[in-house]
Amino acid sequence: MTPTDPLYRQQWHFSLIGDIETIWDEFDGTGVQVGVYDDGIQYTHPDLAANYDASRHFTYQGVTYDGIANDPDEVHGTSVAGIIAAQNDNGRGGTGVAHGATLTSVNIFDPALTANLAIERAMIQWAQNFDIMSNSWGWTPEYDAFQNLSLAGSLHAQYQTWYGVNVANGRGGLGTIIVQAAGNDALNANGSGVNGTRFSLTVAATDENGDIQDYSNWGACILVAGPASAVTTDRTGNSGYNAAGDSDPLGVDYTSSFGGTSAATPTVSGVVALMLDANEGLGWRDVADILAMSASLTGSAYGGAGTGFEVGNWQSGGTNSWNGGGSAFHLSYGYGMVNAFAAVRMAEAWLVMHDGVAQTSANELRVTGTMSGGPVNIPDAGGGAANATVVVAGNIEIDTVYVKVQVTHSYASDLQLSLVAPDGTEFGLFLNEGGDSLFDSGLTWTFAVELARGYSSAGTWTVRAVDSFAGDVGTIGAVTLTFFGSKSSANDVYHFTEDFLTLRSVDAGRGVVSDAGTGSDWLNMAGLHGDIQAGLSDGSTVRVDGVQWFTLAAGTRMENIYAGDGNDTLTGSALANEIHGARGNDLLSGLGGADTLVGGQGNDRLIGGTGTDFFEFSGAFGSDRITDFADNVDTLVLDDALWGGGLTVAQVIGTFADTLAAGVRFDFGGGNVILLVGFANAGLLSDDLAFI
Numbered sequence: 001m002t003p004t005d006p007l008y009r010q011q012w013h014f015s016l017i018g019d020i021e022t023i024w025d026e027f028d029g030t031g032v033q034v035g036v037y038d039d040g041i042q043y044t045h046p047d048l049a050a051n052y053d054a055s056r057h058f059t060y061q062g063v064t065y066d067g068i069a070n071d072p073d074e075v076h077g078t079s080v081a082g083i084i085a086a087q088n089d090n091g092r093g094g095t096g097v098a099h100g101a102t103l104t105s106v107n108i109f110d111p112a113l114t115a116n117l118a119i120e121r122a123m124i125q126w127a128q129n130f131d132i133m134s135n136s137w138g139w140t141p142e143y144d145a146f147q148n149l150s151l152a153g154s155l156h157a158q159y160q161t162w163y164g165v166n167v168a169n170g171r172g173g174l175g176t177i178i179v180q181a182a183g184n185d186a187l188n189a190n191g192s193g194v195n196g197t198r199f200s201l202t203v204a205a206t207d208e209n210g211d212i213q214d215y216s217n218w219g220a221c222i223l224v225a226g227p228a229s230a231v232t233t234d235r236t237g238n239s240g241y242n243a244a245g246d247s248d249p250l251g252v253d254y255t256s257s258f259g260g261t262s263a264a265t266p267t268v269s270g271v272v273a274l275m276l277d278a279n280e281g282l283g284w285r286d287v288a289d290i291l292a293m294s295a296s297l298t299g300s301a302y303g304g305a306g307t308g309f310e311v312g313n314w315q316s317g318g319t320n321s322w323n324g325g326g327s328a329f330h331l332s333y334g335y336g337m338v339n340a341f342a343a344v345r346m347a348e349a350w351l352v353m354h355d356g357v358a359q360t361s362a363n364e365l366r367v368t369g370t371m372s373g374g375p376v377n378i379p380d381a382g383g384g385a386a387n388a389t390v391v392v393a394g395n396i397e398i399d400t401v402y403v404k405v406q407v408t409h410s411y412a413s414d415l416q417l418s419l420v421a422p423d424g425t426e427f428g429l430f431l432n433e434g435g436d437s438l439f440d441s442g443l444t445w446t447f448a449v450e451l452a453r454g455y456s457s458a459g460t461w462t463v464r465a466v467d468s469f470a471g472d473v474g475t476i477g478a479v480t481l482t483f484f485g486s487k488s489s490a491n492d493v494y495h496f497t498e499d500f501l502t503l504r505s506v507d508a509g510r511g512v513v514s515d516a517g518t519g520s521d522w523l524n525m526a527g528l529h530g531d532i533q534a535g536l537s538d539g540s541t542v543r544v545d546g547v548q549w550f551t552l553a554a555g556t557r558m559e560n561i562y563a564g565d566g567n568d569t570l571t572g573s574a575l576a577n578e579i580h581g582a583r584g585n586d587l588l589s590g591l592g593g594a595d596t597l598v599g600g601q602g603n604d605r606l607i608g609g610t611g612t613d614f615f616e617f618s619g620a621f622g623s624d625r626i627t628d629f630a631d632n633v634d635t636l637v638l639d640d641a642l643w644g645g646g647l648t649v650a651q652v653i654g655t656f657a658d659t660l661a662a663g664v665r666f667d668f669g670g671g672n673v674i675l676l677v678g679f680a681n682a683g684l685l686s687d688d689l690a691f692i
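If you count by UniProt numbering, then the sequence shown holds residues 1 to 692, one letter each, in order.
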């Protein structure tokens with residue numbers, strides 16, 4: 001779907017975040033509630049009014065606080081709101097990332113809402129009433145006491161608690177998704193606890209070329225980057241950024257000069273709204289994982305040096321579960337540029353590949369480890385690194401690591417601190433910052449690492465300190481590592497994105513995928529456009545659009561695959577396989593074993609092969625053929641939503657099935673047809689149907 005809005009072609013951010021127009025064919029954020037925590041919204045704006053919900057305004061002790069932007073200085077939130085959910089195809093302005101989503105304003109800068117901690121807490125925790133809390137604000141990360149997550153009772157420690165309530169209780173326990181701007185100070189975002197809490201998805205900002213902006217904060221707590229979207233709604237008339245007589249070429253109700261992480265954040269919030277439209281059952285931890293696994297490389301070349309205003313360069317490490325190797329990450333971009341197409345497609349498939357269990361606060365696990373022995377001296381420049389080791393016995397699959405470290409040093413900006421994983425991957429925590437006195441009296445600080453997702457917590461971890469300049473020394477006094485994540489599982493998911501060939505050109509080892517484990521494993525190719533040709537037997541070659549991507553190593557046991565938008569040819573193995581064709585006109589063949597074949601949208605051909613097979617149909621699945629359906633062996637698994645529910649097996653057969661010369665045909669209307677090729681009699685199917 002290509003919007004007809006007059007400013008749409010000037011909204012350059014859409015060109016950076018994947019094939020969003022294809023996503024808009026099906027999803028626009030309808031039904032998703034976004035709380036815009038900002039300086040108010042002019043919700044009477046003609047591009048915002050239709051998507052505004054005043055019924056969710058913050059209420060405290062019987063008083064409802066209107067989120068309208070009235071003060072002449074309250075202009076920011078109106079521009080944020082337009083990026084998320086400006087109305088589409090209304091002949092005005094541009095369009096929002098999730099133009100069907102609903103907006104509600106909470107004016108976090110209203111002095112009445114921060115008059116005391118009680119109302120401030122209630123205002124922040126009001127976000128439980130929204131699916132998404134979008135925060136295009138924050139504090140300059142300066143390692144102040146009020147920003148210290150390690151300091152009990154500090155303001156940001158309290159914010160972390162309040163955010164924790166939102167992710168625990170919002171969306172019926174699935175969790176409100178909190179999207180947080182990293183800030184515009186060209187500083188380490190980890191210097192502010194609101195950026196570092198694991199409950200927020202912290203967002204950096206790029207320019208129109210996908211390169212990091214000079215102002216964008218950086219750090220190991222960044223999850224993804226988004227474009228600093230410039231063209232958006234403005235206060236109407238002369239009240240906003242753009243007034244009559246200004247140099248802005250747009251009409252006064254719109255602006256082309258918005259930007260910052262304030263603009264990148266609502267872009268990501270809009271993508272999250274599309275994800276929740278596609279799959280409302282995702283937990284808040286699922287959303288973070290999907291954004292990370294679906295993000296695109298951006299900025300400098302993978303395998304090369306950093307460029308422009310980047311801090312560091314692209315690295316990778318951890319397991320081999322992302323594009324045939326370790327996940328790529330960057331201190332400036334997190335896991336990369338948010339990709340709306342890949343994120344939404346993965347969102348649809350995610351729970352299928354994770355046993356239907358959403359990852360929430362209720363099933364979040366934690367493991368801790370502490371530094372053994374006494375303080376570790378930090379030698380002066382040239383004396384090598386100080387390594388404080390932490391041996392961790394508990395094993396979970398990591399989402400976030402909190403690195404709580406106590407450091408004393410007579411010149412803070414001499415120091416670089418990093419966390420080193422058991423496989424040697426190094427995550428920068430603190431890079432020659434803090435002036436001369438930050439560590440003079442000793443400082444205990446908690447740094448968040450979002451870039452170790454999917455790693456195992458068990459093993460020997462190291463906090464490393466390196467002094468870069470001569471003349472000062474210090475000590476690492478204490479280290480506590482806290483790992484948050486999920487139960488380790490033998491069921492692995494191997495994620496693939498459109499960046500695969502770029503990554504393999506640098507790291508040829510990505511061309512072989514190996515898993516000889518005992519779990520039930522997945523190839524996640526849901527975020528791809530191309531035609532996939534894949535077999536699941538060991539030694540098979542996987543191609544996309546005719547180009548070889550990777551092979552499955554000898555001895556590999558790969559049970560399942562979820563494909564993308566192309567016309568795919570997917571073949572199982574002797575194992576019990578689950579094969580999803582997703583979109584496109586696909587050929588699915590189970591071969592041996594008890595297989596589950598799901599054609600998805602498009603006109604598909606399904607071949608179960610030997611064994612007891614299940615053919616599953618739901619939604620708008622198209623016109624499909626099963627060429628080898630066997631009575632009393634195979635099963636048609638039908639979503640009762642196809643007919644509105646309430647029918648018995650006999651009634652479904654009698655209403656929708658006909659015996660034709662070509663076989664038995666089920667016609668559910670709307671182009672949803674199943675043909676059992678060569679099957680002789682619909683009456684024989686009474687024990688071959690199951691409903692979901």
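From the three backbone atoms N, C-alpha and C, an ideal C-beta is built for every residue, glycine too.
{"query": "Limits of the alpha helix (DSSP H) - the one that residue 16 falls within", "result": "That residue, residue 16, is in no alpha helix (DSSP H); it is neither H nor E in DSSP."}
{"query": "Option in 194, 92 and 49 with minimal Cα separation from residue 104", "result": "49"}
{"query": "Same chain only: Cβ atoms within 6 Å of residue 146, ignoring 5 sequence neighbours per side", "result": "154 and 155"}
{"query": "Exposure label - residue 513; buried when at least 16 CB within 10 Å", "result": "buried"}
{"query": "Contact set for residue 569: own chain, Cβ-Cβ below 6 Å, skip 5 residues either direction", "result": "533 and 587"}
{"query": "Straight-line Cα distance separating residue 341 from residue 23", "result": "6 Å"}
{"query": "Start-to-end residues for the alpha helix (DSSP H) that takes in residue 286", "result": "284-294"}
{"query": "Nearest-angstrom Cβ-Cβ length linking residue 336 and residue 295, presumed shorter than 8 Å", "result": "4 Å"}
{"query": "Spatial distance of residue 614 from residue 85 (CA atoms)", "result": "41 Å"}
{"query": "Runs of alpha helix (DSSP H) wholly within the stretch 465-523 (minimum 4 residues, chain order)", "result": "500-506"}
{"query": "Per DSSP, cross-strand counterpart(s) of residue 337", "result": "225 and 296"}
{"query": "CB contact flag (residue 594, residue 612, <8 Å)", "result": "yes"}
{"query": "Residue 192 beta carbon less than 8 Å from that of residue 266", "result": "no"}
{"query": "Alpha-carbon spacing of residue 29 relative to residue 99, whole angstroms", "result": "7 Å"}
{"query": "CB contact flag (residue 334, residue 228, <8 Å)", "result": "no"}
{"query": "Cβ-based neighbour list, residue 322, same chain, cut-off 6 Å, excluding 5 preceding and 5 following", "result": "495"}
{"query": "The stretch 390-407 contacting the stretch 449-465, beta-carbon criterion three pairs below 8 Å", "result": "yes"}
{"query": "One or two residues paired with residue 542 in a DSSP bridge", "result": "550"}
{"query": "Beta-ladder partner(s) of residue 315, from DSSP", "result": "329"}
{"query": "For residue 405, the three-state DSSP class (helix, strand or coil)", "result": "strand"}
{"query": "Local Cβ density within 10 Å of residue 462, reported as buried at 16 or more and exposed below that", "result": "buried"}
{"query": "Same chain, Cβ closer than 7 Å to residue 345, neighbours up to 5 away in sequence not counted", "result": "526, 527 and 564"}
{"query": "Bridge-paired residues (DSSP) for residue 121", "result": "For residue 121, which the question treats as bridged, DSSP gives no partner whatsoever."}
{"query": "For residue 107 and residue 68, the rounded distance between their alpha carbons", "result": "8 Å"}
{"query": "Residue closest to residue 93, alpha-carbon to alpha-carbon, out of 290, 405, 253 and 531", "result": "253"}
{"query": "Between the CA atoms of residue 260 and residue 210 - distance to the nearest angstrom", "result": "13 Å"}
{"query": "Best match in 492, 585, 436 and 324 for proximity to residue 501 [C-alpha to C-alpha]", "result": "324"}
{"query": "Residue span of the alpha helix (DSSP H) that contains residue 212, given as start and end", "result": "Segment: none, residue 212 is in no alpha helix (DSSP H) and carries neither H nor E."}
{"query": "Length of the line joining the Cα atoms of residue 557 and residue 360", "result": "29 Å"}
{"query": "Through-space distance from residue 453 to residue 314, alpha-carbon basis", "result": "16 Å"}
{"query": "Beta-carbon proximity check, residue 415 vs residue 409, cutoff 8 Å", "result": "yes"}
{"query": "Closest Cα partner of residue 497 within the set 279, 633, 326 and 215", "result": "326"}
{"query": "Inter-residue Cα distance where the pair is residue 215 and residue 381", "result": "29 Å"}
{"query": "Segment limits, beta strand (DSSP E) that includes residue 156", "result": "Careful: residue 156 lies outside any beta strand (DSSP E), inside the alpha helix (DSSP H) at 155-169."}
{"query": "Through-space distance from residue 633 to residue 648, alpha-carbon basis", "result": "20 Å"}
{"query": "Within 8 Å, strictly: CB atoms of residue 129 and residue 178", "result": "no"}
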